[in-house]
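K.L.:
Numbering (my numbering), first residue to last: -9 to 131.
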């Protein structure tokens, strides 16, 4: 029987719903953004109310209504979830550096919107401050 390493849950989960032809740079940016967050932030620093923050970026034409924006807190799994649209016309023709900046801005928008949710034992203000500083150091602010 094969031995598998234990499953390790990363505290930041990023994904995307993409229109044909614009996926490569977004996929690379997702990896960079997720690694930056995971390597520099620890969820324990913000309380016990959140263990996972998932953001699903949507890059589809505005007339596509199949993927609405969403915002949820799942108390059982202690997960914050956001599904937010990227500005499609900007993303469509953006350079890789512009794309990651737009994604960072959208991630900060998700944090702002989390303030509308009831999230026990989570210091959202400090989390946002730390993310802004991290993005600024990376040149994405």
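Where is the CB? At the ideal position from N, CA and C, for every residue including glycine. Since we're looking at a predicted model, the values are computed, not measured.
Excluding five sequence neighbours on each side, which residues of the same chain lie with their C-beta closer than 7 Å to the C-beta of residue 125?
P.N.:
One-based indexing of the chain shown puts residue 125 at position 135. These residues qualify, in order along the chain: 94 and 131.
K.L.:
Classify residue 104 as buried or exposed, calling it buried when 16 or more other Cβ atoms lie within 10 Å of its own Cβ.
P.N.:
Counted from its first residue, the chain shown places residue 104 at position 114. The residue is buried, with at least 16 neighbouring Cβ atoms inside 10 Å.
K.L.:
Compare the C-alpha of residue 139 against each of 74, 38 and 82 and name the closest.
P.N.:
It is not possible to answer for residue 139, since the shown part of the chain is limited to -9 through 131.
K.L.:
What residue does the alpha helix (DSSP H) around residue 118 start on, and which one ends it?
P.N.:
The residue given as residue 118 occupies position 128 in the chain shown. Run containing residue 118: 114 to 128, per the alpha helix (DSSP H) assignment.
K.L.:
Just the C-alpha distance for residue -7 and residue 96, rounded to the nearest angstrom, thanks.
P.N.:
Mapped onto the chain shown, residue -7 falls at position 3. Mapped onto the chain shown, residue 96 falls at position 106. In this prediction, residue -7 scores a pLDDT of 49, lower than 50, which makes its location untrustworthy; the coordinate-derived value is nonetheless stated afterwards. For residue -7 and residue 96, the distance between alpha carbons rounds to 40 Å.
K.L.:
Under three-state DSSP, which class holds residue 12?
P.N.:
Here residue 12 refers to the residue found at position 22 when the chain shown is read from its first residue. Here residue 12 sits in coil by DSSP.
K.L.:
Within its chain, find whatever has a CB closer than 6 Å to the CB of residue 62; leave out the 5 residues flanking it on each side and keep chain order.
P.N.:
Looking up residue 62 in the chain shown gives position 72. Excluding residues within five positions, the ones whose Cβ falls inside 6 Å are 71.
K.L.:
Quick one: what does DSSP say residue 100 is sitting in, helix, strand or coil?
P.N.:
Counting from 1 along the chain shown, the entry for residue 100 is found at position 110. Residue 100: helix per DSSP, three-state reduction.
K.L.:
Leaving out the 5 sequence neighbours to the left and right, which residues in its chain are closer than 6 Å to residue 0 when beta-carbon positions are compared?
P.N.:
Position 10 of the chain shown, counting from 1, holds the residue named residue 0. For residue 0, where only same-chain residues beyond five positions count, the Cβ hits under 6 Å are 28.
K.L.:
Of all the beta strand (DSSP E) runs that stay within the bounds of the segment 39 to 99, which reach a length of 3 or more residues?
P.N.:
Counting whole runs of 3 or more residues, the segment 39 to 99 contains the beta strand (DSSP E) stretches 42 to 49, 60 to 64 and 69 to 75.
K.L.:
So, is residue 4 buried or exposed, given that buried needs 16 or more other C-beta atoms within 10 angstroms?
P.N.:
If you number the chain shown from 1, residue 4 lands on position 14. Per the 10 Å Cβ criterion, buried.
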